[in-house]
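When we follow UniProt numbering, the leftmost residue of the sequence shown carries the number 1, and every step to the right adds one.
We treat Cβ as the ideally placed atom computed from N, Cα and C, and that holds for glycine.
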Amino acid sequence: MNHLLEWSASQVDEALTRLNVLSLEGTRPYDYLFYGNEMPRRNDGRLSSPILQRYRHIEAGGWWCSGINLLTGEDDLWGCFKPNQPRAQGGLNPEGQGKAIKYEHPPKTATGVFALRVPLHLWQAIADRAGVPLSHSAIDEAKSDLGFWQWLLEHPQIPLHITEGAKKAGTLLSAGYAAIALPGINGGYRVERDQWGQRRGKSRLIPQLQRLSQGDRPMYLVFDCDRKPKTIKAVNTALQRTGYLLNQAGCPVHIVTWNPNEGKGVDDFIANQGVEAFHEAVKTALPLNTWKAQSLNALTVPPAQELNRRYLGDISIPGNQPLVAIHSPKGTGKTQLLAQVVQQAKARHQKVLVLGHRVQLVEALCQRFELPYVSQLAQPQHPEVGMGLCIDSLHGDSQAQFDPDYWQNALVIIDEVEQVLWHGLNSDTCRNQRVAVLRSLKRLLENTLGHQGQVLVADADLSDMALEYLCSLAAVEAQPYLIANSWKPEAEESWQVHHYSDSTPKRFVKDLETYIENGGKPFVCLSAQKLTSRWGTRSLEAYFREKFPQHRILRIDAESVADPKHPAYHCTRHLNDCLQEYDLVLASPALETGVSIDELGLFTSVWAIAQGVQSTNTVRQAMARVREAVPRYLWAAPYGFNKVGNGSTSIPGLLTSGKRLTQLNVRLLQQADFEGIDDIDVGFQAESLGCWAKMGVRLNAAMANYRSTIVAALQAEGHQLCPVAPAKRRSRSRKAPKSACDTLHDRIAEVQQQNYERECVAIVNAPDFNEAEYRACKKRLVKRSGDRRALRKYELHRRYKVPVTEALVQQDDQGAYQKLRLHYYLTVGRPYLAQRDRQVAQQLIEQGQGQIFQPDFNRSQLGATVGTMHLLGIHKFLETPERELSNRDPDLQKLAELALKYRQDIKTTTGIGLAKNSTPMVILRRFLDKIGYGLTCLRCQRRQKKVLRIYRLDIPKDDRLLIFRNWLAVDQRIPNRGDQDVPVSNVAASAVTAQDNTCVQLTLDL
């Protein structure tokens, strides 16, 4: 009965084991394994000699497991046998030469599933966990082996957990979960093939899973968590295929994962960590699409060099490898290794090009590599040795006057490659020249990877995605030469990460203040720098200067490092020396990557506030700028808000919605008589669009689980997590005194508002630029604070066509322009919407030489959004702002019916996501918010024992009427008509042209 000990070690209930597992030896295993009619036999019915020879090892004994046939309700003939002396794969050696085959399944028969017989006490535990009481009839059925599974089929609300291997199903059932097991990771589906082995038709679920998936049952996939790249890739593929088919059957699918260090299979995990750990893993299981997006972080390329070193040190990098990738943790000397490679290239007179995504990063790298940055060159188009530049400048019209053909056979260095590529694919700073930048990048890679050059990329968060994209751009199939360093910090070198779970960072900042009072020297990483941000660099700098007037405080952000009068000006060139002079450093994302603070003793801790703006990877990058293993303190928002496209976590979903929106926008331009629209190339660089979608869904998934994604990644890096206990809930009584955190919050808000108001006044009082002065100042790389304010004033006046006031500055900072622009084209500017979209599209087409990048094109067009809002009748509610509204309003109910019917298309055209149960008032509020309007509750009425709230439009108090009048005057190319008001709330139906009507109808055609 050795099988009892083995299954018990996997935390399987003994009664369950006795019901399903038998010990077999001698010739008995043949009776269980070889029942198939297709087995080759002799004339007397005995198995053929080759088969007997191949399976001779089973006579040494082992255990057999089988369960219930879910299709017939009878005992299942199919099962598995685990021999005591397994044979070797591809051989006959029972000693196991090569990889051993651990389990034998009946040959020449269709595989099934392990639906094990469940004893009553486990049945009761599963029912209790699922919240489904057992009836007396169900208990009577427990005497039947099929009873449990029949009961499960009758209750599709009970989640089913699917794992691999019979013993793991027993572990899950013993832990209180309904579970079946597949014989292998691909055992949940069938692929039809013809007689030549060619795929025929689509994959489909096996019959047993088809039956179990009825009733939209929740499914949890619990496959092994492995470390081997090849195995990870195979498991992920199987999870995606099985999960997709279950989704298609109507089942919500979640993926259960854990740290591979805690156990490979679920039986190991529960044995090592306890059943409570598995309960937690189930609670935090990710929906299939979210998991698929996060799995895009995987790196499954086989490494050419495997290391486990604290520092990379001297590594031989073959010169004949076109694409070399370095995957190594933060602070392990990647930049130092790159510097050695650059020096070797210079010694052999090979040109070197360094690409990055932030000026500070590339300048710092160029200093380390002894190369000029592009702004330091008089003739940047033909540098003798090489240069560094941002990917934004990778086109002929930039200051670099970039010519990709000049860099044929060069060495190209891309540090932090994941962020650099994403910046090139999605950043606003590249938008106007995106096609030119991506075209140059493709040509550059063709000239290097496709010839005698070399591309060397490095990233602590390297993934298959970046490497596949680079190869696809160059149209080469070369296997990347991967140098993989798997080092993780020991306890003394890892960080202690104290992470807060509060809803706001006010307690975090209060603790930071106390820490400084007690003599600590923190390095603080922040998400923002603008004065509108309460937790940004400028607001916290002002607060801490007031709180600690004797402290030396340095603010490092995009503004300070570019201001010649600021002490942070170009500080990254000598950062370690510069920081010695300060007690407190506040750094924005301008310092999140590529900079190494190696000096010991500069700081006693690192504090980070992540508000959901940066990607989760860049938050960890910022925390790692200080290399010393001092404690880390983190507050991260539960959810991020910087999402891509329609926010989808499905690659097909993101690509399909974007493609449909592009088609709609093109058709709208066709209706607007846009000449040449039929000749544009909307399919520019499919490989770039595909990489954009993959990186986009990965970011969307991380934003949906922002805090937990950051914390999980820090744990995976080997750091020690120390959750900070949640703050005690205080009484909400008005008489209760404010807490210290609330007082601090109020004071920061007060300081922030004072500084912000002073900045608004300074912008209003800035000099008035003319066109020539504006262009000259805009081109200057070095800008003082006065220059930036004058530029902002000029741009505000040009944008709104009204005098710049403090109120206008504040409204613009709150996103007023996008809202006013949408309101204008929804109402009085409607006749000029097509003209506006034509002009914007024409500019993109000209810059792209007839080609457009779909995401940029879609973001530039307003026709689909305006058409959708017009179709829903939002403009009609603006015509009668005094009208009282409620959820029972017939017009609102029609709005809700139409909006919910087309809610997926509305999300694509407007970015507004609506829940299935959204009320009419909620839907109206979401659309009104797009134009800066709100709703005010006037009163509550009680009708039929229900409370009905009555609302009225909340009209914003701003200068939009004047702004609209001036915009209209520009569109009409007529002089301003004095004080005559434009009838914003009374748009005649005749103003909507035939093209506009088509626009509305086309929105429905999505």
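- With fewer than 16 other Cβ atoms from the protein chains shown falling within 10 Å of its own Cβ, G786 counts as exposed.
- In terms of CA proximity to K894, F877 leads the group I101, P881, Q904, F877.
- Spatial neighbours of S48 in its own chain (CB-CB distance under 7 Å, excluding positions within 5 residues in sequence) are listed in chain order as P40, R41, R42.
- Non-local C-beta neighbours of C578 in its own chain, meaning closer than 7 Å and more than five positions away in sequence, comprise C571, ordered along the chain.
- The shortest CA-to-CA distance from A762 to any of R788, F769, A749 is the one to R788.
- With contacts defined by Cβ atoms closer than 8 Å, A125 and L134 do not form a contacting pair.
- Ranked by Cα distance from P83, the options T335, R538, Y55 are led by Y55.
- Residue burial is scored here from C-beta neighbours: A491 has fewer than 16 other C-beta atoms within 10 angstroms and is therefore classed as exposed.
- As a beta-bridge residue in DSSP terms, S23 pairs with W63.
- When only Cα atoms are considered, W635 and A701 end up about 19 Å apart.
- By the neighbour-count definition (other C-beta atoms within 10 Å, threshold 16), Y373 is a buried residue.
- Counting only residues of its own chain and dropping the five nearest sequence neighbours on each side, N289 has a CB closer than 8 Å to the CB of S648, T649, S650, G653, V697, A701.
- In this model, I748 and I677 are separated by some 52 Å (Cα to Cα).
- Secondary structure note for F523: its beta strand (DSSP E) is the uninterrupted segment 522 to 525.
- A check of alpha carbon separations from E446 across Y406, H423, E879, A484 identifies Y406 as the nearest.
- For the pair L791 and R775, the Cα-to-Cα distance works out to about 9 Å.
- Cβ contact annotation for G520 (same chain, cutoff 8 Å, sequence separation greater than five): T604, S605, in chain order.
- Distances from the CA of V585 to each of H551, P564, E559 were compared; the closest alpha carbon is that of H551.
- Comparing C-alpha distances from V476 to each of E493, R443, H499 shows the shortest one belongs to R443.
- In the structure shown, the three-state DSSP call for A127 is helix.
- Residue range 816 to 826 is occupied by the alpha helix (DSSP H) that includes Y825.
- Excluding five sequence positions before and after P920, the CB atoms of its chain that fall closer than 8 Å to its own CB belong to N887, D889, L892, Q893, L895, A896, given in chain order.
- Under DSSP, the beta-bridge partners assigned to E306 are A484.
- Counted as a single uninterrupted DSSP element, the stretch harbouring C430 is not any alpha helix (DSSP H), since DSSP gives it neither H nor E.
- G26 is classed as exposed because its beta carbon has fewer than 16 other beta carbons within 10 Å across all chains shown.
- Pairing I317 with Q11 gives a Cβ-Cβ distance that is not under 8 Å.
- Given a length threshold of 3 residues, each whole run of the beta strand (DSSP E) inside the segment 322 to 379 is given here in chain order: 323 to 327, 352 to 356.
- Taking every protein chain shown into account, the CB of W196 has fewer than 16 other CB atoms within 10 angstroms, so this residue is exposed.
- Distances from the CA of P723 to each of E6, Q944, Q496 were compared; the closest alpha carbon is that of Q496.
- In the structure shown, C471 adopts helical secondary structure according to DSSP, grouped into three states.
- Between the alpha carbons of F641 and T616 lies a gap of roughly 12 Å.
- For H254, the three-state secondary structure derived from DSSP is strand.
- Ranked by how close their Cα comes to the Cα of L744, the residues V828, A466, R129, W535 have W535 in first place.
- R632 places its beta carbon less than 8 Å from that of H498.
- Per DSSP, W78 lies in no alpha helix (DSSP H) and is assigned neither H nor E.
- Taking 8 Å as the cut-off, the Cβ atoms of R117 and L19 count as close.
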